[in-house]
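If you're matching positions, the sequence shown starts at 22 in the working numbering and goes up one per residue. Below is one structure, written out as structure tokens, with a few remarks after it.
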Amino acid sequence: MTAPTPPTLSPAGRRARQLATTGLVLGVFLAALEASVVAAAMPSVIADLGGQRMYALPFAVYLLTSTVSSPLWGRASDVVGRRRLYLTGVVLFLLGSALCGLAQSMEWLVAARALQGLGAGAVLPLTLTIIGETYSLAERGRVQAFISGVWGVSGLVGPLLGGWLTDALSWRWTFYASLPFGVAALLIAWRHLRETGNPRPARLAQLDWAGAALFTLGSGLTVWGLEGRLWAMVGLGLLILIAAVGLERRHPDPLLPMRSLRERVPRVAFAGNALGGGAYFGVIAYLPLYAQGVGGGGATGAGAILTPMLVGWTLSAMLSARLLTRVPLALLSQLGFAVLTAMFAALTFAVHSPLWVTSALGFVVGVGMGFAMLSLLLSAQDRATRGELGAVTSGVLFARQMGGALGVAVMALLIGPAAIEAGGVALAEGLGRAYLLALGLVAAGLVLSLTLPRTGVRKVGDGTPQPEVSSD
22 MTAPTPPTLS PAGRRARQLA TTGLVLGVFL AALEASVVAA AMPSVIADLG
72 GQRMYALPFA VYLLTSTVSS PLWGRASDVV GRRRLYLTGV VLFLLGSALC
122 GLAQSMEWLV AARALQGLGA GAVLPLTLTI IGETYSLAER GRVQAFISGV
172 WGVSGLVGPL LGGWLTDALS WRWTFYASLP FGVAALLIAW RHLRETGNPR
222 PARLAQLDWA GAALFTLGSG LTVWGLEGRL WAMVGLGLLI LIAAVGLERR
272 HPDPLLPMRS LRERVPRVAF AGNALGGGAY FGVIAYLPLY AQGVGGGGAT
322 GAGAILTPML VGWTLSAMLS ARLLTRVPLA LLSQLGFAVL TAMFAALTFA
372 VHSPLWVTSA LGFVVGVGMG FAMLSLLLSA QDRATRGELG AVTSGVLFAR
422 QMGGALGVAV MALLIGPAAI EAGGVALAEG LGRAYLLALG LVAAGLVLSL
472 TLPRTGVRKV GDGTPQPEVS SD
């Protein structure tokens, strides 16, 4: 398989593409701001609404709905086109954000986060799909660097903004903060984003709705069962997920790109994202609680501990985007997982250290994620045909987010609800066990990344020599 070749554009077409990309970047900022702002406010949300034992659910449910819907959005965009689905996703995200800010109970908040996650399941994967379809690999690197800069801004100001809004106003404003950016993204995309892909409306009914339902049910039962230590529910969820994979293998338009997954590079990209997501998002969900419960800081301090990780991810992703024309993507992936392995090993020994030590190590964890995740995504995209580009892109993000949802749930078991409520030394020791799990996950990712062959150079897009992504 080869990557789709972007069309040659006139000057007017390039300007229209730039304006559309601006709207897409604002949409990415919308999702990035939500992720960084809200995480810092969650301890205050729990204190206000109660339900300490439900602490992980707002994270897990958001990850779950964004995860299980992402492949459906991606596959549907391969069939009916990208634009209308992208706009629908932004609207759902904004509606969910507003309802989160209005929440009067934990149950309300969890339901609103589910809706918000459903919209997020469209925004990021369709943005990356559209960019992958309209830019050559060399151009995509520059655009990806710009998008990484957007993540950097949100990573730098988001946690601090979330903490400040919580301390100065209310945690509800952390959800309202994304609304202006979302409205701007919606209006720009509505005006300038053109339809891409190969729309085939007659085939909409052939989408893998049964597979989507099985993945949703199986994932939900598994995550919820892990949260409540309901092992029968966990077993049932896993059986349903196995049945979903079996259905995918036989469906003519599967939710996941089964044809692409027959190749080594997409398989490693999926597995590496699942392992990295489980480690990173599992840990990041509990660091604000750790900062407050162990360090004694307020919401602003809880936000500050997340900032280095997010900024590290951003800076290394920007560097990766500039290196991809000179360094094999496989090598960037291996470098990222090697850094992650070393840093999670260091965190297991630094769990009782001052918070600045955790922040410094967290910055390097973010660096590792930036190298590993971007290189795996671009590798998978470059092996996809146009008919599977949406499914491949959303599938990689599906794997990362599903790993994150499961990571949050499993780490809640390792930390323990009593430690989450007690804080202090008990919470620190529980987080140490979570670090050990994260270490095992990223070490497995490192081993997988070593199976990626390094390749030479081939022509992509406009004929400019570019590094060829590995082939079997």
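The C-beta atom is built at its ideal place from N, Cα and C for all residues, glycine as well.
Asked, Found
"Length-filtered (3 minimum) beta strand (DSSP E) runs lying within the stretch 322 to 353", "none"
"Buried versus exposed call for residue 263 [16 or more other C-beta atoms within 10 Å across all chains shown]", "exposed"
"Straight-line Cα distance separating residue 78 from residue 394", "25 Å"
"Cβ neighbours of residue 435 in the same chain (closer than 7 Å, five flanking residues each side left out)", "451, 454, 455, 458"
"Reduced DSSP category for residue 125 - H, G, I as helix; E, B as strand; rest coil", "coil"
"Residue 491 - DSSP class collapsed to helix/strand/coil", "In this predicted model, residue 491 has a pLDDT of only 33, less than 50, meaning its place in the structure is not dependable; the value taken from the coordinates is given anyway. In the structure shown, residue 491 sits in coil (DSSP, three-state: anything other than H, G, I, E or B)."
"Pairwise C-alpha distance: residue 115 and residue 204", "8 Å"
"Straight-line gap, residue 382 to residue 364 (C-alpha atoms, nearest Å)", "6 Å"
"Burial state of residue 190, where buried means 16 or more other Cβ atoms lie within 10 Å", "exposed"
"Buried versus exposed call for residue 128 [16 or more other C-beta atoms within 10 Å across all chains shown]", "exposed"
"Same chain, Cβ closer than 6 Å to residue 581, five either side skipped, listed in chain order", "This structure cannot speak to residue 581, because the chain is shown only from 22 to 493."
"Cα-Cα separation, residue 374 to residue 446", "11 Å"
"Any 3 or more C-beta pairs closer than 8 Å across the stretch 424 to 435 and the stretch 302 to 314", "yes"
"Residue 94, buried or exposed, once every other Cβ within 10 Å from all chains shown has been counted against 16", "buried"
"Where the alpha helix (DSSP H) through residue 381 begins and ends", "376 to 403"
"Neighbourhood of residue 83 by C-beta, 8 Å cutoff - its chain only, sequence neighbours within 5 removed", "134, 135, 137, 138, 141"
"CB contact flag (residue 341, residue 396, <8 Å)", "yes"
"Pair within 8 Å by beta-carbon distance, residue 258 and residue 267", "no"
"Where residue 353 falls, given that 16 or more other Cβ within 10 Å makes a residue buried", "buried"
"Euclidean distance between Cα positions of residue 494 and residue 448", "The requested residue 494 is not part of the displayed model; the chain covers only 22 to 493."
"Straight-line gap, residue 62 to residue 298 (C-alpha atoms, nearest Å)", "21 Å"
"Extent of the continuous alpha helix (DSSP H) to which residue 299 belongs", "285 to 305"
"Reduced DSSP category for residue 279 - H, G, I as helix; E, B as strand; rest coil", "coil"
"Alpha carbon of residue 42 to alpha carbon of residue 49, nearest angstrom", "10 Å"
"Whole-angstrom distance between residue 378 and residue 108, CA atom to CA atom", "42 Å"
"Collapsed DSSP secondary structure at residue 52 in the structure displayed", "helix"
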